[in-house]
Structure formats: structure tokens, C-alpha cells
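Below: one structure, written as C-alpha cells.
Number of protein chains: 2
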Amino acid sequence: MAKAIPSKSEDYSLWYNELVKKAELAENSPVRGCMVIKPYGFAIWEKMQRQMDDMFKETGHSNAYFPLFIPKSYLSREADHVEGFAKECAVVTHYRLKNSSDQTGVVVDPEAKLEEELVVRPTSETVIWDSYKNWIQSYRDLPLLLNQWANVVRWEMRTRLFLRTSEFLWQEGHTAHATKQEAIDETIQMLNVYADFVENYMATPVIKGLKTESEKFAGAVDTYCIEALMQDGKALQAGTSHFLGQNFAKAFDVRFATREGHEDFVWGTSWGTSTRLMGALIMVHSDDDGLILPPKLAPDQVVIVPIYKGLDQLPAISEVASKIRDSLKAKGLTVKYDDRDSQKPGWKFAQYELQGVPIRIAIGPRDLENETVEIARRDTKEKVVMPRNEAIDKIPDLLDEIQDNIYQKALNFRTENTCHVETYDEFRNKIEEGGFIYAHWDGTEETEEKIKEETKATIRCIPLNSPEESGKCMVTGKPSKQKVLFARAY
Amino acid sequence: MAKAIPSKSEDYSLWYNELVKKAELAENSPVRGCMVIKPYGFAIWEKMQRQMDDMFKETGHSNAYFPLFIPKSYLSREADHVEGFAKECAVVTHYRLKNSSDQTGVVVDPEAKLEEELVVRPTSETVIWDSYKNWIQSYRDLPLLLNQWANVVRWEMRTRLFLRTSEFLWQEGHTAHATKQEAIDETIQMLNVYADFVENYMATPVIKGLKTESEKFAGAVDTYCIEALMQDGKALQAGTSHFLGQNFAKAFDVRFATREGHEDFVWGTSWGTSTRLMGALIMVHSDDDGLILPPKLAPDQVVIVPIYKGLDQLPAISEVASKIRDSLKAKGLTVKYDDRDSQKPGWKFAQYELQGVPIRIAIGPRDLENETVEIARRDTKEKVVMPRNEAIDKIPDLLDEIQDNIYQKALNFRTENTCHVETYDEFRNKIEEGGFIYAHWDGTEETEEKIKEETKATIRCIPLNSPEESGKCMVTGKPSKQKVLFARAY
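Chains as they are written, first to last, in my numbering: chain A, 1 to 490; chain D, 1 to 490.
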């Protein structure tokens, strides 16, 4: 622990990988493509989960749980869906192992072959809409507003901790509605919930928008997303919300009696965020000394480190430190007092910087005399010595200040790394520098594909809140109604 | 909804199944052996989870997450473990589907065969100890106190909602220690945490004990358990805590430098509870009208139902009902005001009885005049009319009373259905009546097996807190040091 990590300017990718490991967030498992989320990483994820879960419940959603396995044939029921999800997935073909004939291990029992193979869920629309068929008969059964927290598997050849793993943790909301408008409203509402969470808890500004046809969810009518900018100038999709129209209702024959006494197919939405958000959280704020966590998501918001020469000095320091800890806890903060004698203060300082604890308090013998403490902010590295009681009063505000500051810093970074271009030449130059680029596009898949092939940039979204601005596609010169957002992306 | 369920005296098994479905707790999914946990059932499970999670954290444990998949060869590393768990499991053999040649669906792509098959975790000792090998070098890294909330799969031929399903949700604690005694202490501590939770939150008395050799966890040195008695006289194992000795440390080569500078294998424990607890919760308390929930785990502790003839009467009732709801919420209770006009009060009464809401408040026009409410307890069916403000004051105590009452009722039932026998003839008669039976056993697997074959009863545990009492085995007449606990079991 407390080992240095590489500089992000030298090798961003290596910096990220080493940071994830050294800060004890996650590591690769022996199972290809699957990660182990370590206790510290999981504690951050739990805070994210708890907050999002509260927001889902405030907007009227309940949690439920649907099966891990999906019968292979279900995936084929929705034509686009099967194209998008059936390809790279974990397939269960047998239900038993037996001792090998040489008695050295176990082998698959060929007699225990499943009649129909099961796929480990890559997403759960199919199995959930199959249940909804039995749950929905009338408009009185609607809306149905459910969410599940679950693991999903999408077989990935090239994986990176949190950003792209074969198994990942996520939540998936699945709602059913009586009218098209209600379903669209729900789609937008959940997009806004995600944006609220990412901006106000993860301290990460996002652009809300609509995906192009080629980038949308397999089975959706429209996919909305939030896009965030990482410090290396690449975009990361931080959440998606899909208006499914009646696609899954038709695929699974989910009809209902309307208030007017007719029969109609149900309208649907689905929306999800995943442990990928952990990747965004790490990449947006952190520096060469390690993680920088937003106070609202930090497992420990404050750490107190005693500074002493001999063990005989520790009890007096501990007495004061414990009081400070208790006073801060009484204010609702999470505080850790690290009085381990097995590590030196310098080691602890480095470790808590690496792990991104927002505020560090140090107390030494001189502080005892003066009734002071030293307070260090993780985000700015500023240190100040101040009277003990003043510190206790100010720390809640300081945490808010840190939360605001890192948001503002991320927003400034994004502003500095966002440009508008008019020509494709300009675009090709700018894209090499990274960042978000707004440019006109003619709306065709061909042009989108050409740009992607030639520059590795994709249309991240058609922004929702941009002004209409007629212009000409930078590639073909055809008319365009508004600029769209381009970037290279994770 | 609000349909009658069969009587439990007529057909206990049918009563259980119908109750689970009609109270909207869970249902079978189209995937054989897997269940769908519906929102109301999941809300109860969430309360159980939250409470247990708090108890785990209070005892120093952190959550983490390990992979869903386990390489087949890992299961074989611990000899007993593979015998117990490798047999009935879901095996992933391929990682891709492709379009079928007739284009009507998807088929397994034979070219995407895994080099080594992956097993969907039936329990995670192997994959976790494989990680622990890298995490533990010295006594300073110990103890390691982790838990994970996860889904696991054990292929089951005969399944029942919550009680036995191929996929189920659970938590599994996995700890590593420097000394044998510390690991044993941890095993016992977690057994006590489980007993505390089941008795004080689920309102279900348990017997703590040690499993016999033939019933212990595959890979453990000792398995401790808590056993509860259901209303049909069958036992249900409600949680297990395993002392693993150095078995998994040896299988995965997890050694550490001791404080004294030697090298030793690490000592381990594991412990788990699952959605099976939902089955116990349902079976211990419920009656022919439906579920009876302990107030501490009820998603809604109080429901308020307005009684009115015309819609014009509703606003005045709602005004008062909302105030009562807010007053009770301010006391920390979860309260629902059901003012839906689509259902009649009688329907609502039946529905909330079916779903086990501990207290129902009814308010009609006469109550408005008199400033009274009618309060109905779900457990005793008692109804009283009392002044509104008195009701608000008394309800928190009434909830405690209900919690105590249903615990006491379950304890009385167990006392009445527990007996001591001295002869095998007596045993054979008593076992037909159901219940717990204490009897002497000679300690051999042969006798245990004979009893099981002849009576379908198993040794639930060797109770921890029973007095030593020398006697003779009821079957063989050989000497025995204490009576053990027998029952037929789920």
C-alpha cells in the first residue's frame, strides 16, 4: 500500500489501472474478464447504490428480482434485441458435473444436457416482459414501475477494471405504461434522475442527449444518455434511458384493457447505470497522488491521524482525537481515527491521499498545547492550522466546498476542452487533441460511419438542450438542423 | 388480489404456495427452478438485508464482490467441497450464440467453446480463497472480515418458492484469521448474530447447535446452525456458520508470517443466510387469512383505510388521515394511506390482512365527528375504537407488543411441540406428530442413517446449550453424553 502510481500525463491508461489497484478498489480475478471489487471500492459503490436507490424510490419505483438465466429462445423474440445481445454471452448448456474417469477432477456430465440452453442475462427486458404479460391486464395495473439491482454478463474480449468487464453490477429499471406520452415522460424523468445523481453526487457535469439510430439500445425506439468528459479527453457514457415504444409488449404479447374499454399494447421504458460509473468517478477527479473522492460518496469523509514520537504521547492525542471524531460523527459525517502504531504518519498520509479521503486532520503534541489541529484538503492539497473548535464547526462547510470545487474543476476542464467546428479538416485536427466537439452532421448513418472509421470519433449524442442552429454537415455539406456532440469514447 | 387462500390445516403445502403467490411475494419464473421475487416480497427481503448488513458492519465486517463464475478446476481443490457442490450446478461451456442456419433463431456457436468450463457459483469459498492468497502475507493482514450479497445457483430438481430454488439470493461471509481460536470465536459470533436477527427481528425462536459430521458443510471442520420450528411441525435450518479450520487455506495455499516469525496456514470461517429465511418468516407466523409480519420487518407497519359512502365524504377523511400518517411517520414508522377509489374498504381490509400489515387504521364519517379511529391488529384480529390522539401515542407501543406477541406465540408453539423421548418406539410415534424431539444417539453415522431411513427424521443439531446428560442411544443402547435434536425438516 501507499506505493506511488505512474503519472497520468505519461501514461493515462497505466495511471488508471495502477490507481484502481493501489487504492484497493478492484482487481482482476482468475476468471477471464471478471473483476473482484475490493472492500474499499465496494464501499464507494454501496454509497452510490444507496443514493440512487433512494432517488428511484422517491420517484415511485420499487425493487424486485428476476432470474439470472434467460431461455435462449427469449432473446430471439425481439428482432433488434437479439442482434444486439445474443452474440457475446455466457451460455449454460449443462446442469451437472461428475467425477472424471481418472478420478483427478470433475468433468461435464454429458447426460445432464439442458433441452434449451440458458443465457446468463446480458440485460433483462425479455424475462421481465414475459412476467409483465401475466401481471398486466388493465389500465388499473399501470404504471408498473420496477427496478432491480443485479449482476449481468456480456462476454468481452478486451476488458478494463470497472470500464469494461464481462460481469458487472448494475441496476436496470423496467417500466410499463398505458400511454406513449407517459412512457416518454418516464424515460426523460429517469434521464434527469441520472443527471442529477452524476452531477450532484459524483460532482461530474454531463451532457444530456439522444443517441443516433446506430448507437441506440437494441430494441429501443429512442435511447437517451448522459455523457461525461474524462481527463484524457475521452467521453464516457454514464447512464442510458430507453423509450421502448411497444416493441417488447408486442414481442411478449403484453396487452391491456384501456380506460376507454379498448385493447392496446403496453408502452415501455428501461434505464440503467452500472459499476462503469466507478470508472468515471475515478477518471474525472483523480490526480497523480491518487483518488479524489467527492465528499458525498467518500466512505470516510474525514480521517484523523495522530503525530507522535513515542507511544507515551499517543494516549493524550487519542483522547482529543476521539472527541473530535465524536463531534464530527454527531454532525452526520463519517470519520475514521487511524491510531494504528504499525504504520508511520507519512505512510498514512500517502495512503489516504491515494484513497481520496476528502479531509485529513493531523494532531501532534504541539497541537495539544495550542488546542489546534492541522487540516488538509485532498482536492487542493491546502493545509491550514486552526483552533480545534473552529475546525469542528467548519468541516461540514469545507466538505461542501470540496464537493463544489471538484465539480467546478471538472466543469472548467470540460469547457476548456469543448469546441465547435465547421469543417471536417478542423474536426480532424481537434479530435486529436481530445475533448467534446460540436459539429453539423447530415443525419445519415453513412456519414456517421465514415467519421468513425476515419477519426475513431463517434456521435456521443444529439444534445437535448442545444439551440436549433441550421448549418451544413461538415462532411457532406448537406443541411443540418443542429450541431451534434462528437468525441472519442470509452 | 384479495382472493381467499386454502386453509393450512387442510393442506399446509398448498396453503404456503398460495399464500406466497396471493400475497404477491414471489412466483415461479419460466426458467425452471428460478423464482421471480415480486416487489412486496422484495421489500421484506430488503428490510431483512438492511438489518443483517448493519449487524455485520457493527461486528467489523465489510462488503466486497467476487465473480459469479468459478473455473471448474477450482471446485476440485478441496476434496470434500467438490463432493458437496460440484454435482448439481449450472455449467457455462460457451461464450457466443449465432444465427441458426434457417434464420429462425439463435444457436450455440460451436467455435466459441471455453477451454475450461465455468460453474455458476454454488458458494464462493474457492474463488474467494484464491484471492485471499494474494491479499494475505502477514499477521498484519489479518483478520480479514468480508461479506458479499450475491445470487448463487444450485441445480434443484424439486423446487419450492423461497424454500428451495435453483437460483437464490444470499449473503456469504468469508473470514480469515491468524489463530484457530479467533476463527472459532468468529464462527460462534456470527451464529449469535444470526440467532439475534432471527429471534429479535423475525420473531422466531431458534435452537443453536452443531451439525453432525454427515450434515456439515462440505469443506468445513464444524458447521453450527440455528434451527426453527414451522407450524406444520417441520424444522427449517435458518442459518449456518462454518469453522473451516485450515482446509481452504491449504487447498489454495494461503500462508502467512505469524507474529512470532513462523509461517502458518490461515484459519477460516464462512457463514450464510438466504432468501430461504423468507420461507421461514411466512411459515412461522401466518394464518388462514394470510401473512402475519413482525412489525420490525413489515414494509408498511400501519395502513390507513378511509370508509365512506360517497366521494364527497373523502376529502374530510383524507385531511385527518394524512395528519395521522404524518404524525406516525414523524415517529419513524412506515405508514401507507390507501385512498384509492377503485377498491372498496372490504377488499382493502382483506388485501392488507393477506399481506400481513401489522396495524390497520380505519376512519369513517362517525370517527370524524367523534375524533376517533378504529384500530385493528393483524396478529390477534382485535379491533378497538379509540380517540385519535391516543391512537397516535399508542401505536409505537402496540407495534412492539405485536412483535413480542408473535414471538411468544411461536415460542409457545415450539414448547408445546417439543418432547424428550427415551425409546425408539416412542420416537417413531412422536415423529409422526411433528415437532422437535430430543433423544439420545450413539454418535455414529450408521445409527443416524438408519433413523433417517426409517422415520425421515434427521438430527437437526447437537444443541449448544443443553445440559450434559448421560444416557443410552434410543436405537443401539450404546452410551450417549447428551440428547440431540431430531425433526423432519425442510
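Ideal placement from N, C-alpha and C gives every residue a C-beta, glycine not left out.
Segment contact, 8 Å Cβ cut-off, at least three pairs: the stretch 33-50 of chain A with the stretch 210-224 of chain A
no
Pull up the DSSP beta-bridge partners for C419/D, would you.
I437/D
Within the 7 Å Cβ cut-off, does E263/A reach chain D?
Cβ-Cβ to chain D under 7 Å: no for E263/A.
Using a beta-carbon distance below 7 Å, is P537/A in contact with chain D?
The shown model of chain A, from 1 to 490, leaves out residue 537/A, and the question about it has no answer.
Cβ atoms of G209/D and L411/D: under 7 Å apart, would you say?
no
Given this structure, state the Cα-to-Cα distance separating A2/D from F349/D, to the nearest angstrom.
In this prediction, A2/D has a pLDDT of 45, which is less than 50 and means its spatial position is unreliable; nothing more can be read from the coordinates.
Limits of the unbroken beta strand (DSSP E) element including A150/D:
144-153
Counting pairs of beta carbons, one from the stretch 384-400 of chain D and one from the stretch 185-196 of chain D, are three or more of them closer than 8 Å?
no
Can you tell me whether DSSP reads T240/A as helix, strand or coil?
strand
In the stretch 72-89 of chain D, which residues sit with their C-beta less than 7 Å from some C-beta in chain A, listed in chain order?
K72, S73, L75, S76, V82, A86, K87, E88, C89
Let me know the alpha helix (DSSP H) ranges lying completely inside the stretch 59-129 of chain D, each 4 residues or longer, listed in chain order.
72-75, 79-85
For G477/D and D442/D, I'd like the C-alpha separation in whole angstroms.
8 Å
Going along chain A in order, which residues have a C-beta closer than 7 Å to the C-beta of R140/D?
S342
In whole angstroms, give me the CA-to-CA distance for L118/D and M283/D.
36 Å
With 16 other Cβ atoms within 10 Å as the buried cut-off, status of T423/D
exposed
Which class does H262/D belong to by DSSP, given the choice of helix, strand or coil?
coil
Is DSSP giving M35/D helix, strand or coil here?
strand
Which residue wins for smallest C-alpha separation from A316/D, given the options I363/D, Y12/D, I44/D, V303/D?
Out of I363/D, Y12/D, I44/D, V303/D, I363/D has the C-alpha closest to the C-alpha of A316/D.
Against chain D: residues of the stretch 153-180 of chain A by CB proximity under 9 Å:
Residues of the stretch 153-180 of chain A whose Cβ lies closer than 9 Å to any Cβ of chain D, in chain order: V153, W155, S166, E167, L169.
Contact residues within the stretch 92-112 of chain D, judged by C-beta distance below 7 Å to chain A
V92, T93, H94, Y95, R96, L97, G105, V106, V108
Kindly indicate if chain A contains any beta-carbon less than 7 Å away from that of V357/D.
no
From the beta carbon of A2/D, is the nearest beta carbon of chain A less than 7 Å away?
Low confidence applies here, because A2/D scores a pLDDT of 45, under 50, leaving its location unreliable; read the following figure in that light. So no, A2/D is outside the interface.
Check the C-beta distance from L161/A over to M35/A and give it rounded, since I have them as a contact under 8 Å.
5 Å
Which ranges would you report for the beta strand (DSSP E) in the stretch 353-402 of chain D if only whole runs of at least 3 residues count?
Runs found: 359-363, 372-377, 383-387.
Just the C-alpha distance for R325/A and V335/A, rounded to the nearest angstrom, thanks.
Approximately 6 Å between the Cα atoms of the pair.
Is there a Cβ of chain A sitting closer than 7 Å to that of N63/D, yes or no?
yes
Pair every Cβ in the stretch 75-90 of chain D with every Cβ in the stretch 79-91 of chain A, then say whether three or more of these pairs are closer than 8 Å.
no
Applying the 10 Å Cβ sphere with the 16-neighbour rule, what's the burial state of S7/A?
In this structure S7/A is exposed. Its beta-carbon is surrounded by fewer than 16 other beta-carbon atoms within 10 angstroms.
Contacts around W271/A, its chain only, beta-carbon distance under 6 Å, and the 5 residues preceding and following it disregarded
G173, M190, S241
To which residues of the same chain is V373/A closer than 6 Å at the C-beta, ignoring the five residues directly before and after it?
I361, I363, D367, R388, A391
List the residues that DSSP assigns as beta-bridge partners of D287/A.
In the DSSP secondary-structure assignment, D287/A is bridged to G290/A.
Kindly list the residues whose CB is nearer than 7 Å to the CB of A195/A, restricted to its own chain and excluding five residues on each side of it in sequence; keep chain order.
The beta carbon of A195/A lies closer than 7 Å to those of V206, K208, I226 in the same chain, with the five residues before and after it left out.
In the DSSP output, what is R255/D paired with across the bridge?
F265/D
Under 8 Å between beta-carbons, which chain D residues line up against A43/A? List them in chain order, please.
Chain D residues near A43/A: S62, N63.
Out of K72/D, T444/D, V266/D, P295/D, which has the shortest C-alpha to C-alpha gap to D379/D?
Among K72/D, T444/D, V266/D, P295/D, the Cα nearest to that of D379/D is on P295/D.
Are the beta-carbon atoms of K38/A and A26/D separated by less than 7 Å?
no
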